[in-house]
Amino acid sequence: MTDTMKHIVLASRPDGAPTAANFRLEESAVPTPGDGEVLVRVHYMSLDPYMRGRMDDAKSYAAPVPIGGTMEGGAVGEVIASNSPDFKPGDFAFGMFGWATHGVQPAKMLRKVDPAQAPITTSLGVLGMPGFTGWQGLMEYGRPKAGETLVVAAATGPVGSMVGQIAKAHGLRVVGIAGGADKCATAKDHFGFDECLDHRAYPDAKSLSAALKEACPKGIDIYFENVGGKVLEAVIPLMNPFGRIPICGMIAWYNAGGLGANAAEQALTAPKLWRTILVNFLSVNGFIISNHWANFPNFLKEVAPKVADGSIAVQEDITEGLENAPQAFMDLLTGGNNGKAIVKVI
Ligand SMILES: NC(=O)c1ccc[n+]([C@@H]2O[C@H](COP(=O)([O-])OP(=O)(O)OC[C@H]3O[C@@H](n4cnc5c(N)ncnc54)[C@H](OP(=O)(O)O)[C@@H]3O)[C@@H](O)[C@H]2O)c1
-3 MTDTMKHIVL ASRPDGAPTA ANFRLEESAV PTPGDGEVLV RVHYMSLDPY MRGRMDDAKS
57 YAAPVPIGGT MEGGAVGEVI ASNSPDFKPG DFAFGMFGWA THGVQPAKML RKVDPAQAPI
117 TTSLGVLGMP GFTGWQGLME YGRPKAGETL VVAAATGPVG SMVGQIAKAH GLRVVGIAGG
177 ADKCATAKDH FGFDECLDHR AYPDAKSLSA ALKEACPKGI DIYFENVGGK VLEAVIPLMN
237 PFGRIPICGM IAWYNAGGLG ANAAEQALTA PKLWRTILVN FLSVNGFIIS NHWANFPNFL
297 KEVAPKVADG SIAVQEDITE GLENAPQAFM DLLTGGNNGK AIVKVI
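Under the numbering used here, the sequence shown has 58 at position 62, and the numbering climbs by one with no breaks.
This is how it looks when you write it as structure tokens:
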């Protein structure tokens, strides 16, 4: 066991898009687990869009990371010391260890991960928080019905790809939106979407909306909201009566404090959106997955066998080295990832 560990701290708060200067790699002593606690050597850590929100000192559903604090995040690794009867050295565990090579957590905050069941990286994506988010948000708030049409953006990410694949399994027409021709090919060929539009190929919401109309000849029944921005604007006129919009994320606006850079555009969107909700009797539900953990075992029961037999496809984008996590995170925010963004730490 090494005596020192590495971690990445928030050096300063970003003004808009994060830069390398907002992060700092530090070394410290490996912590000693206390009573009921477990020390884990991290193998893989997750990069997720929500981490951008934690970098801002703004009111949200979770507290910001303090300046000088280790960047938050989920990670999976091997137990190297344990003061809990529930874990022994050699076990693998998922926990909120942050952007770090090692971490100590109370055993009750950890989830055991069985490498014999699935590669441990899947605990960060398809069989972890993002996959669960897609499944839960679609089933509870999307309420999919065979024959309907669903649209989801960030289609090849861990949330969007789960939404699309579960919707297909329920007999819906599934139209993805993704950044670039390669990602659109992945959405169709790897994840089985019926159609996928490259949002970068359309200069404005109007042209994207026209293309979406062709791809969704019967209109849109479920818009699983991952991004906001131009995609939301394009979708609004195409929503069908009694449609559903689970609001999962709005990454297009995260670098603008979550509220959007273009105030004039937002001012136009709001009345259009409210009117569409009213006249089409839409159900719009925001949700944060941390309020739904009680249902996680049901998700695993249904989806883990599908991952094992290949009927749910997986795509991971793994960056080597903790020191490269900031760049990989900045890439994630602008679509540079191709699949679930993961950093290999060991
Ligand atoms: N509510 C919750 O509890 C919860 C939990 C997990 C995740 N989420 C949210 O779910 C969404 C997807 O998360 P994920 O982990 O699956 O991320 P992801 O797809 O791996 O990565 C984010 C993707 O967003 C797309 N994107 C970025 N800027 C965009 C823009 N301006 N317009 C359109 N697309 C844009 C990029 O894909 P393209 O290159 O394809 O555009 C990028 O790859 C995020 O908004 C996230 O915050 C919410």
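Quick reminder that beta carbons are idealized off the backbone N, C-alpha and C, glycines included.
All values reported here derive from a predicted model rather than from experimental measurement.
Going by the beta-carbon positions, is the gap between residue i and residue j smaller than 9 Å?
{"i": "A16", "j": "I63", "result": "no"}
{"i": "T97", "j": "V38", "result": "yes"}
{"i": "G167", "j": "C192", "result": "no"}
{"i": "P10", "j": "D52", "result": "yes"}
{"i": "A230", "j": "Y250", "result": "no"}
{"i": "A103", "j": "E33", "result": "yes"}
{"i": "I247", "j": "N281", "result": "no"}
{"i": "Q311", "j": "N294", "result": "no"}
{"i": "P60", "j": "V75", "result": "no"}
{"i": "A337", "j": "S157", "result": "no"}
{"i": "W131", "j": "L318", "result": "no"}
{"i": "S331", "j": "Y46", "result": "Correcting the residue type first, residue 331 is Gly in the shown sequence and not Ser. No, Cβ-Cβ distance for G331 and Y46 is not below 9 Å."}
{"i": "L228", "j": "G215", "result": "no"}
{"i": "V275", "j": "I314", "result": "no"}
{"i": "S42", "j": "G73", "result": "no"}
{"i": "P400", "j": "G153", "result": "Absent from the model: residue 400. The displayed extent of the chain is -3 to 342, so no value can be given."}
{"i": "A150", "j": "F189", "result": "no"}
{"i": "V170", "j": "V148", "result": "yes"}
{"i": "F220", "j": "G138", "result": "yes"}
{"i": "V36", "j": "L123", "result": "no"}
{"i": "G30", "j": "N79", "result": "yes"}
{"i": "Q161", "j": "A300", "result": "no"}
Within the continuous alpha helix (DSSP H) that includes residue i, where are the two ends?
{"i": "G127", "result": "125 to 132"}
{"i": "R196", "result": "Element bounds for R196: n/a, residue is neither H nor E."}
{"i": "L178", "result": "The sequence shown places Asp at residue 178, rather than the Leu named in the question. From DSSP, the alpha helix (DSSP H) with D178 extends over 177 to 181."}
{"i": "G153", "result": "Note, G153: premise wrong, no alpha helix (DSSP H); not H, not E."}
{"i": "G49", "result": "46 to 50"}
Using three-state DSSP, classify residue i as helix, strand or coil.
{"i": "E0", "result": "A small correction: the amino acid at residue 0 is Thr; Glu does not occupy that position in the sequence shown. In this structure, T0 counts as strand in the three-state DSSP scheme."}
{"i": "A101", "result": "In the sequence on display, residue 101 carries Gln and not Ala. Strand, per DSSP."}
{"i": "R169", "result": "strand"}
{"i": "L120", "result": "helix"}
{"i": "S8", "result": "coil"}
{"i": "E144", "result": "coil"}
{"i": "Y57", "result": "coil"}
{"i": "R37", "result": "strand"}
{"i": "A309", "result": "coil"}
{"i": "K226", "result": "helix"}
{"i": "R271", "result": "helix"}
{"i": "E136", "result": "helix"}
{"i": "E316", "result": "strand"}
{"i": "A96", "result": "strand"}
{"i": "D265", "result": "Note on identity: in this sequence residue 265 is Thr, with Asp being the wrong assignment. Three-state result, T265: helix."}
{"i": "A114", "result": "coil"}
{"i": "A207", "result": "helix"}
{"i": "A13", "result": "coil"}
Report the CB separation of residue i from residue j in whole angstroms; it is logged as a contact under 8 Å.
{"i": "E23", "j": "K2", "result": "6 Å"}
{"i": "K226", "j": "H186", "result": "That belief does not hold up - the Cβ atoms of K226 and H186 are roughly 25 Å apart, past 8 Å."}
{"i": "P14", "j": "R50", "result": "11 Å between Cβ atoms; not a contact."}
{"i": "F283", "j": "F128", "result": "So it is not a contact: roughly 12 Å between Cβ atoms."}
{"i": "V146", "j": "I218", "result": "Per the sequence shown, the amino acid found at residue 146 is Leu instead of Val. Rounded, the Cβ-Cβ distance is 4 Å, consistent with contact."}
{"i": "A25", "j": "T0", "result": "6 Å"}
{"i": "L134", "j": "P242", "result": "7 Å"}
{"i": "A58", "j": "F93", "result": "Not quite, the Cβ-Cβ distance comes to about 16 Å (not below 8 Å), so this is no contact."}
{"i": "K209", "j": "I232", "result": "So it is not a contact: roughly 12 Å between Cβ atoms."}
Just curious, the beta strand (DSSP E) that residue i is in, first and last residue?
{"i": "D217", "result": "216 to 220"}
{"i": "P242", "result": "235 to 243"}
{"i": "F19", "result": "19 to 25"}
{"i": "E298", "result": "First-last for E298: 292 to 304, but that is the alpha helix (DSSP H), not the beta strand (DSSP E)."}
{"i": "A324", "result": "Premise fails: A324 lies in the alpha helix (DSSP H), 321 to 329, not in any beta strand (DSSP E)."}
{"i": "V280", "result": "279 to 282"}
{"i": "F88", "result": "88 to 91"}
{"i": "A71", "result": "71 to 78"}
{"i": "K336", "result": "336 to 340"}
{"i": "K184", "result": "Per DSSP, K184 belongs to no beta strand (DSSP E) and is neither H nor E."}
{"i": "K108", "result": "107 to 109"}
Could you check whether the Cβ of residue i sits closer than 9 Å to any Cβ belonging to chain B?
{"i": "R196", "result": "As a matter of chain content, chain B is missing from the structure shown, which is built from one protein chain."}
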